[in-house]
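Residue numbers (the numbering used here): 5 to 108.
Here is the structure:
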């Protein structure tokens, strides 16, 4: 017998700090061990610096040498289909199959 014990705690957090008791029981008997857990952060938190500098987005909002693009707001529902109906006309037509009623 190797007498090795592994306690794995995924996504360990500071509130997991403390002592843990592992008890193994089988027909041959019972063994236990105690271990202490301490959490040491490997990085200093979340990097809040932007990936791309904000000035890089300026030309997306106002193209160079041009003013702001006009935006037309139209109330109601967009009646344009997402996919052209012509695309559906080219599909093979399959007749629906009638299913017998199920008895409950």
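The beta carbon of each residue, even a glycine, is placed where N, CA and C say it ideally should be.
| query | From residue 20 to residue 41, what does the alpha carbon distance come to, in whole angstroms? | reply | Taking the first residue of the chain shown as 1, we reach residue 20 at position 16. Taking the first residue of the chain shown as 1, we reach residue 41 at position 37. Going by the C-alpha atoms only, they are around 7 angstroms apart.
| field | Cβ pair residue 18, residue 44 closer than 8 angstroms | value | Sequence index remark: in the chain shown, residue 18 carries index 14 (1-based). Sequence index remark: in the chain shown, residue 44 carries index 40 (1-based). Judged by their CB atoms, residue 18 and residue 44 are not nearer to each other than the 8 angstroms cut-off.
| request: Put residue 19 into one of helix, strand or coil per three-state DSSP. | output: Against the chain shown, residue 19 aligns to sequence position 15. Helix at residue 19.
| query | Roughly how many whole angstroms lie between the Cα atoms of residue 10 and residue 30? | reply | Stepping through the chain shown from its first residue, residue 10 is reached at position 6. Stepping through the chain shown from its first residue, residue 30 is reached at position 26. Between residue 10 and residue 30, the C-alpha separation is close to 17 angstroms.
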